[in-house]
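Have a look at the structure below before the remarks.
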DNA sequence: TAGCGTTATATTTATGTTCGAATAACGCTT
DNA sequence: AAGCGTTATTCGAACATAAATATAACGCTA
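Residue numbers (the numbering used here), protein chains in the order written: chain A, 8 to 118; chain B, 8 to 118.
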């Protein structure tokens, strides 16, 4: 038995959670949304819709893309996206530590 | 923008979270799984499967039921179920306070 | 023994999610 | 100008999950 938690930011609908986080990290690493999707065994169309939904909900752009050119183009993170990533990272990590302690306090001996 | 979180206990699959919690509270109050389901605008079969899955995963019974007899029968909580409810209550409440603080710390001025 | 309201369970239906294909545009390279 | 690999976008199909429905059993009551 273990604790599982999901945390996300929501406006009218889901805006930013673990899905966009992981995907953006891959985009940052590989410089391409297509490569990121492939690397995560995810269809390009799904990756694209994840980004678009998050952007629409947050109200600012997360990736800056070039189409065409050398290598066909690519995508890189906006500075706002980078801020979101670091904040989410810290938030999620700290939350995990605290929740684990709480879980042990209340369910540790029980389960 | 607001924070949304879901927390549950998991074995091989979801075992105990807010769904079972709310349902068991209603069963406790009404003495019947059927009445509890109706009160929550939920089909009986869904209510039943929620309880069964949780019991199977946790490894102990959550409700004790009589079928037939006066009033058709009914269901009441086991002592283990009562323990789960109080623990989950405290856990969820404390977690909520802490996560809200964390959210404000990391996203308060940003979103 | 017929009727009631419940628990118990399987089967069917509905809903939502994800994938994959199809199409177009873009700008560099050769 | 043709080819390449990418972004951009839409759409129906396939799959997975959730919910509703149907049926049976149970034990008291009258």
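All residues carry an ideal CB built from backbone N, CA and C; glycine is no exception.
For residue 18 (chain A), a Cβ of chain B is located within less than 9 angstroms of the residue's own Cβ. Nearest in C-alpha terms to residue 40 (chain A), of all of A:23, A:62 and A:81, is A:81. Here residue 97 (chain A) is near residue 113 (chain B), since their CB atoms are less than 9 angstroms apart. The C-beta separation of residue 84 (chain A) from residue 35 (chain A) comes to about 5 angstroms, placing the pair in contact by the 8 angstroms criterion.
In the DSSP annotation of this structure, the continuous segment of the alpha helix (DSSP H) that includes residue 89 (chain A) starts and ends at 86-114. Within chain A, the C-beta atoms nearer than 9 angstroms to that of residue 101 (chain B) come from 109, 112 and 113, in chain order.
For residue 94 (chain A), the chain B residues whose C-beta falls within less than 7 angstroms of its own C-beta are 113, 114 and 117, listed in chain order.
Following the DSSP letters along the chain, one finds residue 19 (chain B) in no alpha helix (DSSP H), marked with neither H nor E. Excluding its 5 nearest sequence neighbours in each direction, residue 47 (chain B) has C-beta neighbours in its own chain below 8 angstroms: 29, 30, 33 and 54, listed in chain order.
In the DSSP assignment, residue 71 (chain B) forms a beta bridge with B:83. Taking C-beta atoms as the reference points, residue 77 (chain B) and residue 10 (chain A) fail to come closer than 9 angstroms.
Taking 9 angstroms as the cut-off between beta carbons, none of the residues of the stretch 43-61 of chain B comes near chain A. Annotation: residue 21 (chain A) to residue 38 (chain A) spans about 25 angstroms, alpha carbon to alpha carbon. Interface with chain B (9 angstroms Cβ-Cβ cutoff): residue 90 (chain A) is included.
Annotated three-state conformation of residue 10 (chain A) is strand, per DSSP. Annotation: the continuous alpha helix (DSSP H) that includes residue 26 (chain B) extends over 25-37.
At a cut-off of 9 angstroms between C-beta atoms, residue 12 (chain B) counts as an interface residue with respect to chain A. Put simply, the CB of residue 9 (chain B) is near chain A, with a gap under 9 angstroms to one of its CB atoms.
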